[in-house]
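Okay, so here's the structure we're looking at.
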Amino acid sequence: METHLHAPFDSVGRLPAAGRVYTCPMHPEIRQDHPGNCPICGMALEPLLAAAGEEEDTELRDFSRRFWLTLPLTVAVTALAMFGHQAGLLTARTQSWIELILSLPVVLWAGLPFFVRGVRSVRTRRPNMWTLIAMGTGAAFVYSAVATVAPQLFPASFVSMGRIGVYFEAAAVIISLTLLGQLLELKARSRTSAAIRSLLGLAPRTARRIAPDSSEQDVELAQIHVGDLLRVRPGEKVPVDGVVVDGDSAVDESMLTGEPMPVAKRTGDALIGATLNTSGALVMRSEKVGGQTLLAQIVQMVAAAQRSKAPMQRMADVVAGYFVSGVVAIAILTLLAWGLFGPEPRWVFGLINAVAVLIIACPCALGLATPMSIMVATGKAATRGVL
Numbered sequence: 108m109e110t111h112l113h114a115p116f117d118s119v120g121r122l123p124a125a126g127r128v129y130t131c132p133m134h135p136e137i138r139q140d141h142p143g144n145c146p147i148c149g150m151a152l153e154p155l156l157a158a159a160g161e162e163e164d165t166e167l168r169d170f171s172r173r174f175w176l177t178l179p180l181t182v183a184v185t186a187l188a189m190f191g192h193q194a195g196l197l198t199a200r201t202q203s204w205i206e207l208i209l210s211l212p213v214v215l216w217a218g219l220p221f222f223v224r225g226v227r228s229v230r231t232r233r234p235n236m237w238t239l240i241a242m243g244t245g246a247a248f249v250y251s252a253v254a255t256v257a258p259q260l261f262p263a264s265f266v267s268m269g270r271i272g273v274y275f276e277a278a279a280v281i282i283s284l285t286l287l288g289q290l291l292e293l294k295a296r297s298r299t300s301a302a303i304r305s306l307l308g309l310a311p312r313t314a315r316r317i318a319p320d321s322s323e324q325d326v327e328l329a330q331i332h333v334g335d336l337l338r339v340r341p342g343e344k345v346p347v348d349g350v351v352v353d354g355d356s357a358v359d360e361s362m363l364t365g366e367p368m369p370v371a372k373r374t375g376d377a378l379i380g381a382t383l384n385t386s387g388a389l390v391m392r393s394e395k396v397g398g399q400t401l402l403a404q405i406v407q408m409v410a411a412a413q414r415s416k417a418p419m420q421r422m423a424d425v426v427a428g429y430f431v432s433g434v435v436a437i438a439i440l441t442l443l444a445w446g447l448f449g450p451e452p453r454w455v456f457g458l459i460n461a462v463a464v465l466i467i468a469c470p471c472a473l474g475l476a477t478p479m480s481i482m483v484a485t486g487k488a489a490t491r492g493v494l
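Be aware that the sequence shown starts at 108, since it is given in our numbering, and climbs by one per residue.
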């Protein structure tokens, strides 16, 4: 079920279970309560808030596997296309078949996520860079496969060096380069999420609660409520935000302020969760718990900044939509112009030139540079104490 939540905390201010709310890194307005793909661009959704101890992104592992397993095939098909005819070890037709076999897993397996995203962008009428990648590589591969399997369909004028010209290496290289770009982006997002997880890791896992009968028990932070009395012993972290009701000590607040000197605390002074009690024992009363604590709000602000779109990013999205539509229109006009007014075989020439337009116009930098720069910047800021 798709939702449109604006805050990742529940009604009583507790952090949700890890992975409860998922969002799209390219379209942060998308919110779902289960993992899946973005209904707009097809990218894999990721948790709105990273959880402490969360494992590596499954999409990162998947794309890494696709890239490294098919990279040797891309190198091989490119080398064969560039230098195969010079070696003279293979017939032209045999070389085309080998290129087809080598590029088949690159395009159909490694590039499958891009085709899924491209189809989804067409269905939702939201053209983006995946539209061009899917159309360009798909057209190049299908044309080359037909030229290899059924060369008799093409006129004799298309024969060059003993075979119909094929573009398997172009499709394979574009897929591999796009996978590399996705890996760089996913690793940048992973580092940013790690910074958020490190913020979450500042909070202690348990707190020592004082019962009405004066007995004490270590409990999970999720069981702490507003008004509970908690004991903070020397060397322990303050579990939640609250106020000192008994005791004197000095608290290290450098995680928040950056100041190295501990701050003296006595009865009536405020305490901030995740700060370190350095000397005396304190008894505190909890006032803010779960998502209401200052640490949780910091995490929420960093996550919100990571997902939000800057004005330049929104402009890039608009430009990308017009750019893709313009490129597709130019490709169609190219096909029609060659088909109606070009030399024979007119439509074959038109198809080849239209495919060339789609391949050359791949807008990878336009679609990836802005979100990558924003997410990396917020991650660096979080680790350096910039809120």
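Even for Gly, the Cβ is constructed at its ideal location relative to N, Cα and C.
- For isoleucine 281, the secondary structure class from DSSP, reduced to helix, strand or coil, is helix.
- In its chain, beyond the 5 residues on either side, Leu309, Ala310, Lys344, Val345, Met362 and Leu402 have a beta carbon closer than 7 angstroms to the beta carbon of alanine 381.
- In the same chain as lysine 372, and ignoring 5 residues on each side of it, the C-beta atoms closer than 6 angstroms to its own belong to Val351, Ser356 and Val358, in chain order.
- Look at alanine 468 here: in three-state DSSP terms it is coil, with no helix or strand label.
- Arginine 230 counts as exposed, since fewer than 16 other C-beta atoms from the protein chains shown sit within 10 angstroms of its C-beta.
- Nearest neighbour of isoleucine 208 by Cα position, chosen from Leu187, Ser228, Val223 and Gly428, turns out to be Leu187.
- Closest in alpha carbon position to glutamate 360, among Thr374, Leu293 and Asn384, is Asn384.
- From the listed residues Gly225, Ala279, Leu293 and Gly272, the smallest Cα separation to valine 182 is found for Ala279.
- By the CB criterion at 8 angstroms, leucine 152 and glycine 143 fall inside the cutoff.
- In the structure shown, the three-state DSSP call for asparagine 384 is strand.
- The region 455-467 and the region 242-255 touch, with three or more beta-carbon pairs separated by less than 8 angstroms.
- Per DSSP, reduced to three states, the secondary structure at proline 319 is coil, with no helix or strand assignment.
- Secondary-structure assignment with DSSP links glycine 349 through a beta bridge to Leu378 and Ser393.
- Under a 10 Å Cβ-count criterion, isoleucine 282 is classified as buried, with 16 or more other Cβ atoms of the shown protein chains found around its own Cβ.
- When secondary structure is reduced to three states using DSSP, arginine 338 falls in the strand class.
- Taking C-beta atoms as the reference points, serine 297 and aspartate 169 fail to come closer than 8 angstroms.
- Measuring C-alpha to C-alpha distances from proline 220 to each of Ala329, Thr441 and Met150 identifies Met150 as the nearest.
- As DSSP reads the structure, serine 267 sits in a beta bridge with Arg270.
- Annotated three-state conformation of proline 142 is coil, per DSSP.
- With contacts defined as CB atoms closer than 8 angstroms, alanine 314 and leucine 337 qualify as a contacting pair.
- Across the structure, glycine 354 and leucine 293 are spaced so that their CA atoms are roughly 48 angstroms apart.
- In the same chain as phenylalanine 222, and ignoring 5 residues on each side of it, the C-beta atoms closer than 7 angstroms to its own belong to Ala241 and Gly245, in chain order.
- For the set Gln330, Gly349 and Ala388, the Cα lying nearest the Cα of valine 339 is the one of Ala388.
- Just so you know, the alpha carbons of methionine 391 and glycine 397 end up roughly 16 angstroms apart.
- Per DSSP, valine 370 is one residue of the beta strand (DSSP E) stretching across 370-372.
- Counting only the Cα atoms, isoleucine 331 lies some 59 angstroms from alanine 277.
- Just so you know, the alpha carbons of alanine 329 and arginine 312 end up roughly 9 angstroms apart.
- Out of Leu307, Glu327 and Leu306, the CA that lies nearest to the CA of arginine 316 is found in Glu327.
- Restricted to the region 188-255, not a single beta strand (DSSP E) segment is unbroken, complete and at least 3 residues in length.
- A residue is called buried when at least 16 other Cβ atoms come within 10 angstroms of its Cβ; glycine 457 meets this threshold and is buried.
- For leucine 155, no alpha helix (DSSP H) run applies, since DSSP gives it neither H nor E.
- For methionine 368, the closest of Ala377, Ser386 and Gly375 by C-alpha to C-alpha distance is Ser386.
- Straight-line measurement puts the Cα of threonine 238 at about 7 angstroms from the Cα of valine 226.
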